[in-house]
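Just so you know, we're using this note's numbering here: the sequence shown kicks off at 2 and counts up by one.
For glycine and all other residues, C-beta sits at the position ideal for the given N, C-alpha and C.
Computed from a prediction, not measured in an experiment: that's the story for all the values here.
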Amino acid sequence: MKRKKLTSSGLSQSELELKIWKAERFNKLREAYLSYMLQNIRTQMNNITGFSKLLVDEEGNPEKRGAYYEQIETSTDKLNGLLSESLDIAMMSLDKIDIKKEPCYINHLMDDLYSYFSQQKKLYSKAYVEIYMYADVEDEDFNIIGDCSRVRQIMAQLIGNCLSNCSDGDELEFGYRILKEGKSRL
Numbered sequence: 002m003k004r005k006k007l008t009s010s011g012l013s014q015s016e017l018e019l020k021i022w023k024a025e026r027f028n029k030l031r032e033a034y035l036s037y038m039l040q041n042i043r044t045q046m047n048n049i050t051g052f053s054k055l056l057v058d059e060e061g062n063p064e065k066r067g068a069y070y071e072q073i074e075t076s077t078d079k080l081n082g083l084l085s086e087s088l089d090i091a092m093m094s095l096d097k098i099d100i101k102k103e104p105c106y107i108n109h110l111m112d113d114l115y116s117y118f119s120q121q122k123k124l125y126s127k128a129y130v131e132i133y134m135y136a137d138v139e140d141e142d143f144n145i146i147g148d149c150s151r152v153r154q155i156m157a158q159l160i161g162n163c164l165s166n167c168s169d170g171d172e173l174e175f176g177y178r179i180l181k182e183g184k185s186r187l
């Protein structure tokens, strides 16, 4: 029988090294995420401030004022989303998010996301990006058990991030498929 040398924490040296590596990796990911979020928040705040000043300065041209107002509204919506996402991430890291287990009608969810982002293309200034949705099951009563609001939030964040990084003429496809027949895998 091979004996392992244990550290003062009761873990073997290799287990301790793995835990340290995971903690360091998590810290790097957290730092990168925080940097990304702060940059995006700063960008949206600068947009709101800049277009607000232009809105005040532009007295006579209603077209320009309308365009500035739309930019302010878009930046405000994006800022609100960023702050909500940040709060959710903070709550997840504290294990404070309650996950509901209830039927989530996935085809309804996908249809809602498709409709929403088809309209949001204008706000993202991506009017010429084509959006396609894929559903593996046609039954509108098809459902999964889970937290539908969290699934919606995650999907919306992913789709929104993809849309913001698309160029006119690009295609964005999202949806789901069943991985194994008879299994609960989506």
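Start-to-end residues for the beta strand (DSSP E) that takes in residue i
| i | result |
| --- | --- |
| Y177 | 172-177 |
| E59 | Looking at the DSSP string, E59 is not in any beta strand (DSSP E), and its letter there is neither H nor E. |
| L103 | Sequence inspection shows Glu at residue 103; the Leu mentioned does not correspond to that position. Taken as a continuous stretch (DSSP letters only), the beta strand (DSSP E) holding E103 covers 103-105. |
Integer-rounded CB distance, given that residue j should sit under 8 Å from residue i
| i | j | result |
| --- | --- | --- |
| V138 | L173 | Going by Cβ atoms, the distance from V138 to L173 rounds to 21 Å, so no, they are not a contact pair. |
| N108 | F143 | 6 Å |
| I155 | P104 | Between P104 and I155 the Cβ distance is about 18 Å, and since that is not below 8 Å, they are no contact. |
| L55 | Y69 | 5 Å |
| Y115 | I132 | 7 Å |
| N41 | L110 | 25 Å between Cβ atoms; not a contact. |
Proximity winner among the options, relative to residue i (alpha-carbon distances)
| i | options | result |
| --- | --- | --- |
| Y135 | K20, N62, S150, R178 | R178 |
| S85 | R151, L17, L180 | R151 |
| K127 | Y117, G170, D112, D113 | G170 |
| D106 | D140, Y117, E16, S87 | Rather than Asp, the amino acid found at residue 106 in this sequence is Tyr. Ranking the options by Cα distance to Y106, first place goes to D140. |
Cα-Cα separation, residue i to residue j
| i | j | result |
| --- | --- | --- |
| I160 | S13 | 43 Å |
| G51 | S168 | 24 Å |
| L187 | G176 | 10 Å |
| N28 | D89 | 18 Å |
| R153 | D58 | 40 Å |
| E64 | Q72 | 13 Å |
| D112 | K23 | 38 Å |
| L180 | A157 | 22 Å |
| D148 | R31 | 25 Å |
| A91 | L35 | 11 Å |
| R66 | E25 | 49 Å |
| E18 | Y37 | 29 Å |
| I21 | S15 | 10 Å |
N- and C-terminal bounds of the alpha helix (DSSP H) containing residue i
| i | result |
| --- | --- |
| A136 | Premise fails: A136 lies in the beta strand (DSSP E), 131-136, not in any alpha helix (DSSP H). |
| C163 | 149-165 |
Fill in: Sufficient close CB pairs (3 or more, under 8 Å) joining the region 120-134 to the region 157-164
yes
Worksheet entry | the region 41-53 contacting the region 66-85, beta-carbon criterion three pairs below 8 Å | yes
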